[in-house]
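Q: All residue numbers for the sequence shown refer to our numbering, where the first residue is 449 and numbers rise by one.
Positions of the beta carbon are idealized from the N, C-alpha and C atoms, including for glycine.
Nothing here was measured: the structure is a model prediction, and the numbers come from that model.
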Amino acid sequence: MSETLSYDFKDVSFDEWEAKILKDLKGKDLSTITTQTLDGITVQPHFNREKVADNKGVPGKPHYSRGAKIDTNDWFITEIIEGSDQKKLNEAALKALLNGSNALQIKTQFESLDGLLNDIQLPYISVSFENEQSLSKNIGALESFVKQHKFTSNEIKGCYGADPIGKAILKGSNINYENVFELIARHHENLPRYRFLNINAQHYHNAGASQAQELAYALSHGHEYLVKALEAGIPIDEITARLQFTLAAGTEYFTEIAKFKAFRTLWSKIVAEYKPEHDCSHSTYVVGQTSAWQTTIADEYNNMLRATIQSMAAANGGADEITVLPFNYAYDDPTPFSRRIARNVNLILQEESHFDKILDAAGGSYYIDYLTDQLAQKAWRIFQDVESLGGFEEALKKNFVQNQIEQMAQKQHQQFNDGERVLVGVNKFAKEDEDLTEKIKKEARGQSQTKPTDFMPIKPSRLAAEFELKKAEEKSNA
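Structure follows, in C-alpha cells:
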C-alpha cells in the first residue's frame, strides 16, 4: 500500500478552523477565548503550520531550537544541602544520594571538603556550590579533595557557583570581579568538565520579572561575563564551557517550556557572533529551579503541585539539571518529609512518567513553537535595549533593569489582587480558618536588610506575601 494514512484526509486551513470555532461560539467574539501572557503575547485558541515558522532544527545542533541533548532527555536531580554543621550536612548529602538524588548544591562556608563530602564518590554525581566565600577557596578545597582521593579529574562535574554580578544585584553594590577570570585562566585545565560561573537568572523571576525579561537579563548577564573573559584573554571556546545558567521554572506550563527552549536559541545566537571554533560552544548548561516567587505559606501543600508542574516544564524545556524547593521553603528549614517530596517529584517524572526518555517532547507543537518564537523576539528586543545602554553593568547602574522588573512585579500583584492571577489556597479556595501568623514571623526572621551603595538592588520576594500578611492581620484583628 503506497498511500499514507493522511491520504484520505484533506488539509484544513487556518481560516476553516477559525470559522468552525466562531460557529461553535454562537455569536460570541473570538476575543472571548483569546488570552495574553505577561509579556503581551496573544494566545489564540488554535494554531496550525500556516501561522508558525517552520522548526527545522535538529536535536543537539545549533541553533538548538530542538534542544541540546542527542540521546535521551535525562537530567540531574539536585538536592540543596544547607547549614553549618559539617557532620549533619554530610549525613543529609549521603541520605539524598542514597534515596535518588544524583547532584548536590552545597550552601555553606568551609575550609575543607573532607568532612562535608566524606564517603561520597564524586565521579558518579554532580556537586555545585552557592556560598559567599571566595572562588579561590572553593577551587582550592575541591582540587585538594579530588587529588587526595585520587579521583580522575575529567570525571568531576558541577559548578563553583561564582556570580559576581548576581551578588551585586542583590546588595545594590558595585560589582567586584575580584580575580575571577584570572582564576579561570589558571585552573581551567585542572578539572576539565567543571564550570566556574553560574548566571543566576532566577533572581529576576523571583523579583517579579516576566518570562521575556528573565530571558533577556539572563542573556545580558551572561554576555557581560563573555566580554570580560575575552578581555582577559580567555578564548570564546574556553569561557563558554565554563558557564552555566540557572533559570526559574514557573507554573505557566507551556510558556515556561517555551522559555527554556527560547533561551538556548538566543544564547547560541550571541555566541555565534564571536565565531567559536567548536559547535558545542554555542550550547550551555541550564539548571531549572522551581519558583520561589510562586511559593505560598498559606495551604503550603499546594506547593507540591506547583513544583510538579514547574519541574515538568523545565524537563520538557530541556534543562540539564532540576532543583525542586521543599514545599515549606518560604518559611522554614526543610524537614525530612519536605526533602523527600521535593526529591520524589523528579524521581516520579523520570522513573514513572518517563520524561527523560523522549528528546524534545514539545517539538512540533505549533502552539509551543509559536510561544518560543514570540518569547525569543520579545526577549531579544529587551536584550538589545540593555546593550544600547552600554551593557548589563551600566544598565544596572542606571536602574533600568530594576525599574522594568518592579513595573512587571506591580502588574502581577495587581492581577493577583484582582483574581486574574491565581494561587490556589491563597486568593482562591483558601482555608478560612488558617492562621498564618507564626509562619509569617518565621519567614521574616530569615530576611535581611540590604543597604544599597551604588544602585537599586533587585529584591526577590513572593507574589502572595503581601496578600498573606494582610490576611493574617485581618484574622488577628477580628
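If you drop the 5 nearest sequence neighbours on each side, which residues of the same chain put their C-beta closer than 6 Å to that of Val872?
A: Start at 1 with the first residue of the sequence shown, and residue 872 comes out as number 424. Only Asn750 meet the Cβ criterion.
Q: Where does the unbroken alpha helix (DSSP H) through Ile796 begin, and where does it stop?
A: Counting from one through the sequence shown, the residue named residue 796 turns up at place 348. Taken as a continuous stretch (DSSP letters only), the alpha helix (DSSP H) holding Ile796 covers Pro784 to Glu799.
Q: The alpha helix (DSSP H) spanning Phe848 covers which residue range?
A: What you label residue 848 is simply residue 400 of the sequence shown in a count that begins at 1. That run of the alpha helix (DSSP H) goes Phe848 to Asn865.
Q: How close, in whole Å, do the beta carbons of Gln569 and Thr526 come, if the pair is a contact with beta carbons under 8 Å?
A: Here the question's residue 569 lines up with position 121 in the sequence shown. Here the question's residue 526 lines up with position 78 in the sequence shown. With a Cβ gap of about 17 Å, Gln569 and Thr526 do not count as contacting.
Q: Exposed or buried, which one is Ile682 when buried takes at least 16 other CB atoms within 10 Å?
A: On the sequence shown, position 234 is the one that residue 682 refers to. So Ile682 ends up on the buried side.
Q: What are the boundary residues of the alpha helix (DSSP H) that Gln758 is part of?
A: As a first step, residue 758 is located in the sequence shown; it is residue number 310 there, counting from the start. First-last of the alpha helix (DSSP H) with Gln758: Asn750 to Asn764.
Q: Can you find at least 3 beta carbon pairs, one from the segment 695-705 and one from the segment 754-771, that sit closer than 8 Å?
A: Taking 8 Å as the limit for Cβ pairs, the verdict is that the segment 754-771 does touch the segment 695-705.
Q: In the DSSP assignment, find the beta strand (DSSP E) that holds Arg643 and state where it starts and stops.
A: Counted from its first residue, the sequence shown places residue 643 at position 195. Counting along the chain, the beta strand (DSSP E) containing Arg643 begins and ends at Tyr642 to Asn648.
Q: Using CA coordinates, which residue listed in Gln858, Ile853, Ala746 and Tyr733 is at the minimum distance from Phe524?
A: For the purposes of this step, residue 524 is taken as residue 76 along the sequence shown, with counting starting at 1. Nearest of Gln858, Ile853, Ala746 and Tyr733 to Phe524, Cα basis: Tyr733.
Q: Give me the Cα-Cα distance between Ser924 and Glu637, rounded to the nearest whole angstrom.
A: The residue you call residue 924 lines up with position 476 of the sequence shown. The residue you call residue 637 lines up with position 189 of the sequence shown. Each residue's Cα considered, the two are about 60 Å apart.
Q: Just how far apart, CA to CA, sit Thr485 and Phe599?
A: As a first step, residue 485 is located in the sequence shown; it is residue number 37 there, counting from the start. As a first step, residue 599 is located in the sequence shown; it is residue number 151 there, counting from the start. Whole-angstrom Cα-Cα distance: 48 Å.
Q: To the nearest whole angstrom, what separates the beta carbons of Thr743 and Ala790, a pair I think is in contact under 8 Å?
A: To locate residue 743, count along the sequence shown from 1; it is residue 295. To locate residue 790, count along the sequence shown from 1; it is residue 342. Rounded, the Cβ-Cβ distance is 12 Å, inconsistent with contact.
Q: Buried or exposed: which applies to Phe711, given that a residue is buried once 16 or more other Cβ atoms fall within 10 Å of its Cβ?
A: Mapped onto the sequence shown, residue 711 falls at position 263. Its Cβ being crowded by 16 or more others within 10 Å, Phe711 is buried.
Q: Closest to Glu921 by CA distance: which of Gly614, Glu886, Ile604 and Ala610 is it?
A: Translated into the one-based positions of the sequence shown, residue 921 becomes position 473. The option with the nearest alpha carbon to Glu921 is Glu886.
Q: Give the DSSP-derived three-state secondary structure of Thr526 in the structure shown.
A: One-based indexing of the sequence shown puts residue 526 at position 78. Here Thr526 sits in strand by DSSP.
Q: With distances taken between CB atoms, is the gap from Tyr512 to Thr713 smaller than 7 Å?
A: Numbered from 1 along the sequence shown, position 64 holds the residue referred to as residue 512. Numbered from 1 along the sequence shown, position 265 holds the residue referred to as residue 713. Yes.
Q: Is it right to say His651 is buried, meaning 16 or more other beta carbons lie within 10 angstroms of its own, or is it exposed?
A: Looking up residue 651 in the sequence shown gives position 203. So His651 counts as buried.
Q: For the candidate residues Asn646, Gly606 and Asn654, whose alpha-carbon lies nearest to that of Leu639?
A: Within the sequence shown, residue 639 is the residue found at index 191, counting from 1. With distances taken between Cα atoms, Leu639 lies closest to Gly606.
Q: State the start and end residues of the unbroken alpha helix (DSSP H) segment that holds Gly670.
A: In the sequence shown, counting from the first residue as 1, residue 670 sits at position 222. Its alpha helix (DSSP H) spans residues Gln659 to Glu679.
Q: Mind checking which residues open and close the alpha helix (DSSP H) that includes Val628?
A: Mapped onto the sequence shown, residue 628 falls at position 180. Start and end: Val628 to His635.
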